[in-house]
Every structure is written in C-alpha cells, then in structure tokens.
Amino acid sequence: MAAVPPFLATLIGNLGHAGGDPPAAAAADEQQMQVVVEEARCECGGTSEECTPAYADAVRRRFSGRWLCGLCAAAVTEEAGKKNGETEAAAHMAVCRRFNGFGRTHPPLFHADAMRHILRKLSVAGGGSPKPTSSRRRELMTVEGAVKATGGVAGGMVIT
C-alpha cells in the first residue's frame, strides 16, 4: 500500500467541510456547543438527576443552599403556601429521612403509621369527624333528589 502525500491527506480530510471551517475549527465549535451536565443528588429522597450547573445553582438558591429533585421541590413548594419559607424544606426532609430509614424496609408498617398520623392530625384540627355536616347533608340530599327526579340524567348526561 502506497503512502498518501500529506497535501492529499489534508485535501481529502477537508472534503467534508467544503466552503466551511477546517476540521480543527469544527471540532472546537462542537466542543463549545456541548452542554456541561453534572449529576446532583437530592438531599431529601436521595435520587439523582442530571442537570446543568446553572440549574443546580438556581435550585440551591431557591431552597436555602439545598439541592432538591423536581418531585421534592414540588412538594416543598406546595407546603410553602401553607407554612413559612424555611420550615417546609426541613419538614419535607424529615419525612423523606423517615421514609428512607423505615418505609422502604417495612412498607405495611410505614403505611399504617402514616394513616395513624393523618388521623391524629385530623382529630387535633377538629375536622376528624367522618360524618358530613348538616350543610353537607343538605347538599347531598339535593343532589340525590335531583338524580331521582331526572332519572339519573342531568343536562343530557347520565349520572353514574
């Protein structure tokens, strides 16, 4: 096999880049276009996500220096409407720590404990009674009466 002269090798190499940049410049442009991605681990649930450093910094600024995954961030944001800004992230992290330590190993016990906690919260709040209030009973009776009067059809739709 004969050796290819250097000028011919350069000419052949540049054929794919006709009218454009030489291969070295194209490789530099491609390297600049690549987005830097880092893996960030959620401080609550322990999951990891790939994200850009700019996004990770924005999340950390939003949650007092903590990096939270999208699911935990949504839960904390939901709780933020109910509580003040600092405590909801700490409360969510405590729930995640408790789940990761106990819930993953004993799911039925964790579920039963969560139900007990919900019932305890409801009884403390005074809204724990499963019986409907008198106004709610009236609404139910009105709806049931309307269903009986129309034969289960309301506005052209069958109520099931």
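Just so you know, our numbering puts 1387 at position 2 of the sequence shown, and the rest follows in order with no gaps. Even for Gly, the Cβ is constructed at its ideal location relative to N, Cα and C.
Residue interval of the beta strand (DSSP E) (run including residue i)
i       : result
CYS1436 : 1433 to 1436
ARG1505 : Where ARG1505 is concerned, there is no enclosing beta strand (DSSP E), although the alpha helix (DSSP H) it sits in stretches over 1492 to 1510.
Whole-angstrom C-beta distance between residue j and residue i, which should lie under 8 Å
i       : j       : result
THR1432 : CYS1454 : 5 Å
ALA1425 : ALA1441 : 5 Å
GLU1428 : PRO1438 : Actually they are not in contact, since the Cβ atoms of GLU1428 and PRO1438 sit about 17 Å apart, beyond 8 Å.
For residue i, the first and last residue of its enclosing alpha helix (DSSP H)
i       : result
GLU1423 : Careful: GLU1423 lies outside any alpha helix (DSSP H), inside the beta strand (DSSP E) at 1423 to 1426.
CYS1547 : Only positions 1386 to 1545 of the chain appear in the structure, and residue 1547 is not among them; the question remains open.
Local conformation of residue i per DSSP, three classes
i       : result
VAL1480 : helix
VAL1420 : coil
PHE1448 : coil
GLY1488 : helix
8 Å CB neighbourhood of residue i in its chain, flanking five on each side removed
i       : result
HIS1502 : none
VAL1420 : THR1437
TRP1552 : Outside the modelled stretch of the chain, which goes from 1386 to 1545, sits residue 1552, for which no answer is possible.
ALA1458 : VAL1444, ARG1447, PHE1448
Close beta carbons around residue i, own chain, < 7 Å, minus the five adjacent residues each side
i       : result
PHE1487 : PHE1495
Residue i and residue j closer than 8 Å at C-beta
i       : j       : result
ALA1474 : SER1449 : yes
ALA1497 : HIS1477 : no
Proximity test, Cβ basis, 8 Å: residue i and chain D
i       : result
ARG1445 : Protein chain content of the structure displayed is limited to a single chain, and chain D is not contained in it.
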